[in-house]
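In our numbering, the protein residues as written are 35 to 215.
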Amino acid sequence: MNASPIVKLQMQSDPMLLSGAREMVSWIARRSGFSDMDCSQIALALDEALCNVFRHGYDRQTDRPIWVSIWSEAGTAGNAESPPRIRIEIEDEARQVDPEKIKSRDLDDVRPGGLGVHIIKQVMDEATYAQRPGQGMKLTMFKQGAGPKSALPGASCRCENDEPCCNDAASEKTKSSKEVA
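Rendered as C-alpha cells:
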C-alpha cells in the first residue's frame, strides 16, 4: 500500500459524526472494488471501533480528538488480478490499556452491548490494538477483497466517468435491447 494514507481525518468523539465516517469509508471501499457486503462490513467495523473509543476510551466525552487514516488499493489499479485492499488506523488520546486485555465478552453472556471487538475481528481480516507512544491507543484494521468487482459474476465494471465499460450481464442486456430496437 502507499506510504501515505489517501484520507486522514481528525474528528471529535461525538456520536453525531458516526454516519459521516461510515459513509466516507464505505465510499472509499466501494471505489476500490470491494463488494457491497464488504463495504457494509468495513463501515460496521469502523462504527464499532469509534463507538468503543467514545464509550470506553473517552467515557462519552464528545470533544476529544480521534484520528482516522485510510489506505486503499483498488483491485484494478495496475494489476487486474489483484484484489482490493484497505487499511484503517484509528488513533486516540484516551487512557491506555494493555492490548492483551482488549477482548470480546463471552458470547454465551446474552445481553445488549459488548460485542464491538468480536464484530471487528469477525468482519475484518486483521485487527491489532497497540498503545501509542506517550498516551492513547491505536487500532489497525485490514481487509482484502475477493478480487476486482469485474471478476465477480453479475458485478458491473465502471470506468473513470462511472459509466459501464465492460461486458457484464447488465451491459449485455442493454446492448441486446438496443439491437432489437
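The beta-carbon is built from N, C-alpha and C at its ideal position, and this holds for glycine as well.
In the DSSP assignment, the beta strand (DSSP E) including residue i goes from what residue to what residue?
i: LYS172; result: 171-178
i: MET45; result: 41-46
i: GLU82; result: No beta strand (DSSP E) contains GLU82, which is instead part of the alpha helix (DSSP H) from 70-86.
i: SER106; result: 99-107
i: GLU125; result: 119-126
As a quick exercise: from the options, pick the residue whose alpha carbon is nearest that of residue i.
i: VAL26; options: ILE153, MET171 and GLN46; result: Here the chain covers residues 35 to 215 and nothing more, so residue 26 does not appear.
i: GLN75; options: GLN169, LEU173 and LYS155; result: LYS155
i: GLY179; options: TRP61, ALA55 and SER66; result: SER66
i: LEU149; options: LEU43, GLN44 and ASN86; result: ASN86
i: SER69; options: ALA37, ARG89 and PRO118; result: PRO118
i: GLU127; options: SER60, LYS137 and ASP97; result: ASP97
i: PRO39; options: TRP101, ASP93, MET71 and MET45; result: TRP101
i: ASN36; options: GLU57, GLU107, ALA164 and SER116; result: GLU107
i: ALA164; options: HIS152, LYS177, ILE153 and LYS135; result: LYS135
i: ARG129; options: GLU57, ALA55 and GLY168; result: GLY168
i: GLU57; options: CYS73, GLN44, ASP48 and SER116; result: CYS73
i: TYR92; options: HIS152, ILE153, PRO49 and LYS137; result: PRO49
Determine the direct distance from the alpha carbon of residue j to that of residue i, and round the result to whole angstroms.
i: PRO99; j: LEU51; result: 12 Å
i: PRO133; j: THR162; result: 8 Å
i: VAL157; j: ALA63; result: 14 Å
i: LEU173; j: ARG166; result: 10 Å
i: PHE88; j: GLN46; result: 9 Å
i: VAL41; j: VAL59; result: 9 Å
i: LEU84; j: HIS90; result: 10 Å
i: MET175; j: ILE104; result: 10 Å
i: GLN95; j: TRP61; result: 28 Å
i: ASP159; j: GLN44; result: 25 Å
i: VAL151; j: GLY54; result: 21 Å
i: SER116; j: MET71; result: 19 Å
i: SER153; j: LYS177; result: A quick correction: the sequence has Ile, not Ser, at residue 153. If I take the Cα positions, the gap works out to 14 Å.
Quickly, what does DSSP pair residue i with across the bridge? List them, please.
i: GLN165; result: MET171
i: GLU160; result: PHE176
In the DSSP assignment, find the alpha helix (DSSP H) that holds residue i and state where it starts and stops.
i: GLU57; result: 52-66
Below 8 Å, can you find three or more Cβ-Cβ pairs linking the region 67-81 to the region 114-129? yes
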